[in-house]
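Peer 1:
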Amino acid sequence: MIQLKNIELMHSRDLTVMVKDLSCTFNSGDKAVIIGEEGEGKSTLLKYIYDPSLVADYAECSGDVLLLSEKTAYLPQTLPDDLRDVPVEGYLGPGIEESFYDPDLSSCLWMLAPEGPDSFAGRAMSTLSGGEKIRVQLIKILSGAPTALLLDEPSNDIDIEALELLEKLINSFKGIVLFISHDETLISNTANMVIHIERLNRRTEPRCTVARTGYEEYVSRRNRAFEKQAQQAQNDLREKQIRDEKIDRIQKSVQSAMENVSRRDPGTGRLLKKKMRSVKSMERRFSREDEDMAEMPRSELPINFILSPEKDLPEGKTVLDLQTDILEKEDGSGVLSRGIKLFVRGPRRICITGRNGCGKTTLIRMIVSSLQGRSDITWEYMPQDYADSLDMERTPVDAVCDSWDPDDRKKARNHLAALRFTADEMDHRVSDLSSGQQAKLFLLRMELNSPDLLILDEPTRNLSPLSGPVIRQMLRNYGGAIISVSHDRRYIREVADTVLELGPDGLTDVTDRFRTGV
Numbered sequence: 113m114i115q116l117k118n119i120e121l122m123h124s125r126d127l128t129v130m131v132k133d134l135s136c137t138f139n140s141g142d143k144a145v146i147i148g149e150e151g152e153g154k155s156t157l158l159k160y161i162y163d164p165s166l167v168a169d170y171a172e173c174s175g176d177v178l179l180l181s182e183k184t185a186y187l188p189q190t191l192p193d194d195l196r197d198v199p200v201e202g203y204l205g206p207g208i209e210e211s212f213y214d215p216d217l218s219s220c221l222w223m224l225a226p227e228g229p230d231s232f233a234g235r236a237m238s239t240l241s242g243g244e245k246i247r248v249q250l251i252k253i254l255s256g257a258p259t260a261l262l263l264d265e266p267s268n269d270i271d272i273e274a275l276e277l278l279e280k281l282i283n284s285f286k287g288i289v290l291f292i293s294h295d296e297t298l299i300s301n302t303a304n305m306v307i308h309i310e311r312l313n314r315r316t317e318p319r320c321t322v323a324r325t326g327y328e329e330y331v332s333r334r335n336r337a338f339e340k341q342a343q344q345a346q347n348d349l350r351e352k353q354i355r356d357e358k359i360d361r362i363q364k365s366v367q368s369a370m371e372n373v374s375r376r377d378p379g380t381g382r383l384l385k386k387k388m389r390s391v392k393s394m395e396r397r398f399s400r401e402d403e404d405m406a407e408m409p410r411s412e413l414p415i416n417f418i419l420s421p422e423k424d425l426p427e428g429k430t431v432l433d434l435q436t437d438i439l440e441k442e443d444g445s446g447v448l449s450r451g452i453k454l455f456v457r458g459p460r461r462i463c464i465t466g467r468n469g470c471g472k473t474t475l476i477r478m479i480v481s482s483l484q485g486r487s488d489i490t491w492e493y494m495p496q497d498y499a500d501s502l503d504m505e506r507t508p509v510d511a512v513c514d515s516w517d518p519d520d521r522k523k524a525r526n527h528l529a530a531l532r533f534t535a536d537e538m539d540h541r542v543s544d545l546s547s548g549q550q551a552k553l554f555l556l557r558m559e560l561n562s563p564d565l566l567i568l569d570e571p572t573r574n575l576s577p578l579s580g581p582v583i584r585q586m587l588r589n590y591g592g593a594i595i596s597v598s599h600d601r602r603y604i605r606e607v608a609d610t611v612l613e614l615g616p617d618g619l620t621d622v623t624d625r626f627r628t629g630v
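The sequence shown begins at 113 in our numbering and counts up one residue at a time.
#1: Out of 383, 600 and 430, point me to the one whose CA is closest to residue 293's CA.
#2: Between the segment 254-266 and the segment 235-244, do at least 3 Cβ pairs fall closer than 8 Å?
#3: Cα-Cα, which of 305, 382 and 289 is closest to residue 187?
#4: List the endpoints of the continuous alpha helix (DSSP H) containing residue 482.
#5: Using the beta-carbon count (16 or more within 10 Å), is residue 213 buried or exposed?
#6: On the three-pair Cβ rule with 8 Å, is the segment 486-498 touching the segment 559-571?
#7: Taking C-beta to C-beta, are residue 551 and residue 603 nearer than 9 Å?
#8: Where DSSP assigns a beta bridge to residue 494, which residues make up the other side?
#9: Suppose contacts are defined by Cβ-Cβ distances below 9 Å. Is residue 614 in contact with residue 465 by that definition?
#10: Residue 624 by DSSP, collapsed to three states: which one?
#11: Considering residue 184, what are the terminal residues of the alpha helix (DSSP H) in which it resides?
#12: Does the distance from the CB of residue 490 to the CB of residue 561 come in under 9 Å?
#13: To which residues does DSSP link residue 610 through a beta bridge?
#14: Decide yes or no for the touch test of the segment 317-337 against the segment 297-307: beta carbon pairs closer than 8 Å, at least 3 of them.
#15: Judging by CA-CA distance, which residue of 141, 121, 126 and 127 is the nearest neighbour of residue 135?
#16: Whose C-alpha, out of 371, 335, 396 and 385, is nearest the C-alpha of residue 359?
#17: Determine the DSSP secondary structure at residue 406, reduced to helix, strand or coil.
#18: Which same chain residues end up closer than 8 Å to residue 642 when comparing Cβ atoms and leaving out the 5 residues on each side of it in sequence?
#19: Residue 167 and residue 184 - do their beta-carbons sit closer together than 9 Å?
#20: For residue 247, does the three-state DSSP call read helix, strand or coil?
#21: Measuring CB to CB, does residue 287 end up less than 9 Å from residue 148?
#22: By alpha-carbon positions, which one of 269, 191, 117 and 150 ends up nearest to residue 597?
#23: Using CA coordinates, which residue listed in 283, 245, 158 and 160 is at the minimum distance from residue 193?
#24: How would you call residue 504, buried or exposed, if buried means at least 16 neighbouring beta carbons within 10 angstroms?
#25: Verify whether the separation of the beta carbon atoms of residue 144 and residue 160 is less than 9 Å.
#26: Buried or exposed: where does residue 484 fall if 16 or more other Cβ atoms within 10 Å of its Cβ makes it buried?
#27: Keeping to the same chain, check which residues put their C-beta closer than 8 Å to that of residue 217; ignore five residues upstream and five downstream.
#28: Output the distance between the C-alpha atoms of residue 354 and residue 361, rounded to the nearest integer angstrom.
#29: Starting from residue 318 and walking both ways along the beta strand (DSSP E), at which residues does that stretch end?
#30: What is the rounded straight-line gap between the Cα of residue 388 and the Cα of residue 400?
#31: Please report how far the alpha carbon of residue 546 lies from the alpha carbon of residue 221, in whole angstroms.
#32: Taking one C-beta from the segment 605-622 and one from the segment 450-469 each time, how about it: are there three or more such pairs within less than 8 Å?
#33: Could you pull out every residue in the same chain whose Cβ sits closer than 7 Å to the Cβ of residue 124, ignoring the five residues on either side in sequence?
#34: Measuring straight from C-alpha to C-alpha, what distance separates residue 444 and residue 559?
#35: In the DSSP assignment, what residue or residues form a beta bridge with residue 469?
#36: Closest to residue 208 by CA distance: which of 251, 242, 243 and 219 is it?
This is how it looks when you write it as structure tokens:
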């Protein structure tokens, strides 16, 4: 059992309260997902539960975390820099082979590494694909036989086959699983408990909701409750307006009569004064009743995003004509694929998928390189590693606005506000932002530049499940072309019109597979 009592988390720099008055209990078998918009403190909460020292340099925290004999294991969102050059064998440590044959651990470990404990032998951690890094880290923490898993974005970068294995792993784990994920399919298929972190009233008022239900049911109940509350609030407001208008008419009528009553008729004057006191008494009574009126439901405002819907790329316009006999690893150590042909014309929405390590990101970078010097088409690139294109020491305003003109910078701030950046966050360093907020900076730059082509490497990997539907709708309505890499099953189904799988023998059209289910 893990107990949280009155947890409060506040950002040290701008004193923003991210989490307040959070109390809940996790028991064996609980699969709890933490959801909320980007930058709301989800990762901070997970780190604090595992080890408060991980957040001590940027957050002030209070409240009790009672682990009650639980052995916790933590998967960070990104691999620490000091582990990048460590050999896989050194990272996993001695005794890992024995863990694969431990009856309590073997099923999970073989699931993650079907070829056994030597699957990644002879390689440094930095040479692994994003999905392979996740697998190796999961093997490491599971080999310690934990009773509680704290997983920060375990679905990032892993292929669809691995996503399905991750679902099995979470569902079959007998202890507690507390996780953060952007993948709505994974959440829907695993979570039986939801912790929703919000900040209302222009992100100044924190609210935490704990629901012991699945994600889809939570969203459905929440929407139904909000609709019912909104309808009741509207009905109460309408009745109040009718009542207030009636009282106002009576009051004006009595007041007019009192002004016109003759001094020679004191009896009528007394009756009118009595009637006015009665009206005032009724007004006070109704004022007290108004305190119990239903309020309009309060929730976080959705992000406001429109990506060049007026863009109208001609059907006959050649966007990309790429042919290569060999796709090599970027370090030149081997061949990833052969005979690749990719021809894109008009406003197509292409999604490239495939197993981890097959070369999808290498192919995307080759596509970007082939577009250099093109003057007949404009394009924007969103890499998987945001530091490849974002200066992490600049502010978000600087990242989307190169001008120092006050009007241009004001417009940039307005755009950032529409994406739910606070005024303080606009002046933070980009490196201080959450990965989801950094992703939004890329999407905003694309919105402002109105390109003909978007090249997106895992565009939804760090966006919350609450932002996901908005981003998918935005990309569906985009009038230009999209070439993307993704393992996000909802993104693939809802956005892509063509799905290509990268393998040793090039690209294969697998669109039908995603129309009928993976």
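Don't be surprised by glycine CBs; every beta carbon is placed ideally from N, CA and C.
Peer 2: Looking at the coordinates:
#1: 600
#2: no
#3: Answer by Cα proximity: 289.
#4: 472-483
#5: Looking at its Cβ environment, which holds fewer than 16 other Cβ atoms inside 10 Å, residue 213 is exposed.
#6: yes
#7: no
#8: According to DSSP, which records beta bridges pairwise, residue 494 is partnered with 568.
#9: yes
#10: helix
#11: Here residue 184 belongs to no alpha helix (DSSP H); instead the beta strand (DSSP E) covers 184-187.
#12: yes
#13: 462
#14: yes
#15: 121
#16: 396
#17: Any answer about residue 406 is weak, because its pLDDT of 49 lies below 50 and its placement is not dependable; what the coordinates show is given next. In the structure shown, residue 406 sits in coil (DSSP, three-state: anything other than H, G, I, E or B).
#18: Within the shown structure, residues of the chain are numbered from 113 to 630, placing residue 642 beyond reach of any answer.
#19: Taking 9 Å as the Cβ cut-off, residue 184 and residue 167 do not qualify as a contacting pair.
#20: helix
#21: no
#22: 269
#23: 245
#24: With fewer than 16 other Cβ atoms within 10 Å, it is exposed.
#25: Not a contact, by the Cβ cut-off of 9 Å.
#26: exposed
#27: 211, 254, 255 and 257
#28: 11 Å
#29: Unbroken beta strand (DSSP E) run through residue 318: 317-323.
#30: So the two alpha carbons sit approximately 19 Å from each other.
#31: 30 Å
#32: yes
#33: 170, 171 and 172
#34: Taking the Cα positions, residue 444 is about 36 Å away from residue 559.
#35: Looking at the DSSP assignment, residue 469 forms no beta bridge with any residue, so it has no partner.
#36: 251
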